[in-house]
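Everything below concerns the one structure shown next.
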Amino acid sequence: MAKHYREEVAMQFIVEIALSFPVVVFSVLMPLVLLYWVLVALRLVPLELFEHDSLKGDYLSSSLVALGFAGVPASFSLSVLLLLAAAITLAVELLGLRWLDLGFFRVPLGVVVLWGAFAIASPLAAALCGSMRRWFHRHLLGHQRCLLGEHVEVLAEPDGEGWTRATLVDDPQHEVRLHGKADSMPHVGEHRVLVKYVAEEGAYRSVDATEFREARSHLHRLRLGGGRSATV
595 MAKHYREEVA
605 MQFIVEIALS
615 FPVVVFSVLM
625 PLVLLYWVLV
635 ALRLVPLELF
645 EHDSLKGDYL
655 SSSLVALGFA
665 GVPASFSLSV
675 LLLLAAAITL
685 AVELLGLRWL
695 DLGFFRVPLG
705 VVVLWGAFAI
715 ASPLAAALCG
725 SMRRWFHRHL
735 LGHQRCLLGE
745 HVEVLAEPDG
755 EGWTRATLVD
765 DPQHEVRLHG
775 KADSMPHVGE
785 HRVLVKYVAE
795 EGAYRSVDAT
805 EFREARSHLH
815 RLRLGGGRSA
825 TV
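Spelled out as structure tokens, the structure:
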């Protein structure tokens, strides 16, 4: 009887925490993440669910690259990010929020907790995913779009048709094919960023790493400027 009572109390506690805001956000998201990975294991959905052939216009992949998640599938990066943010949010709930009589203020405070959880989890998730890049390079040879955003070093001058080879800066044993255009031709020893995968050629388009950083910084400034002008 006492054991049954303790189990009932424990279940009520778990349900209460799971349905409390902001933990409830992850109570909804994490089962969806688990379902996705089950479907991936059954090969019913692709691992590269969010990747496109180019970073241009692909805001999700571009944002993940900017946050340091290049080289691993976006679905894996997002899963790790959500898992860490969920753990941080749960810890805040158990150690702080559940002991406070917040009333209506639980919602705005919960939003702040969510923002803080993702802000803290982002660099941690990026570091964890970064440590697994080489594993993905070795075991996901058929998923070339995951490499978009990776930095490479050009090994040789391109031939007459613009073909050359490069290795990943963080994984020199992994080699890729580059196909340059007349207005953006790679040169030996250059560090470049993979920005487009051309499936028909089995090769990548790339841009100079410095130009890539400058273009990203310029775009970031434009977005901030647009946001300010919209609020004036």
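The number in the numbering used here is simply the position in the sequence shown, starting from 1, with 594 added. For every residue, glycine included, the Cβ atom is placed at its ideal position computed from N, Cα and C.
Requested in this report: Apply the 10 Å Cβ neighbour rule to Glu769 and answer buried if 16 or more other Cβ atoms are within range, or exposed otherwise.
Outcome: Counting Cβ neighbours within 10 Å, Glu769 comes out exposed, since fewer than 16 surround it.
Requested in this report: Quick one: give me the first and last residue of the beta strand (DSSP E) that Ala660 is part of.
Outcome: Where Ala660 is concerned, there is no enclosing beta strand (DSSP E), although the alpha helix (DSSP H) around it starts and stops at 653 to 660.
Query - Sheet register partners of His745 (DSSP bridge) - result: Val787
Query raised in the report: Where does Arg807 land, buried or exposed, given buried means 16+ other C-beta within 10 angstroms?
Result: exposed
Query raised in the report: Cα separation between His773 and Val792?
Result: 9 Å
Report task. Please work out which residues of its chain come closer than 8 Å, Cβ to Cβ, to Val705, disregarding the five sequence neighbours upstream and downstream, and give them in chain order. Result -> Pro616
Report task. Figure out for me which residue from Arg759, Pro766, Glu784, Gly783 has the closest Cα to the Cα of Ala797. Result -> Arg759
**Report entry** C-alpha distance - Leu636 paired with Ile714, whole-angstrom precision
**Finding:** Going by C-alpha positions, Leu636 is about 33 Å away from Ile714.
Query raised in the report: Grouping DSSP H, G and I as helix and E and B as strand, with all else coil, what is His551?
Result: Missing from the structure shown is residue 551; the chain here goes from 595 to 826 and no further.
**Report entry** Rounded C-alpha distance that separates Ser648 from Gly665
**Finding:** 14 Å
Report task. Scan the region 599 to 649 and note each continuous beta strand (DSSP E) run of 3 residues or more that stays entirely inside, going in chain order. Result -> none
Requested in this report: Please find out if some non-hydrogen atom of the ligand HEM comes closer than 6 Å to the beta-carbon of Thr683.
Outcome: Of ligands this structure carries none, so the ligand HEM is not represented either.
Report task. Using the Cα positions of His781 and Val627, report the straight-line distance between them to the nearest angstrom. Result -> 42 Å
Query raised in the report: Of the residues Trp709, Ser669, Leu718, which one's Cα is nearest the Cα of Val686?
Result: Considering only alpha carbons, the answer is Trp709.
Query - Identified DSSP bridge partners for Arg709 - result: In the sequence as presented, Arg is not what sits at residue 709; that position holds Trp. Answer by DSSP bridge pairing: none, since Trp709 is not bridged.
Requested in this report: Mind checking who Trp729 pairs with in its DSSP beta bridge?
Outcome: According to DSSP, which records beta bridges pairwise, Trp729 is partnered with nothing at all.
**Report entry** Same chain only: Cβ atoms within 7 Å of Leu633, ignoring 5 sequence neighbours per side
**Finding:** Val639
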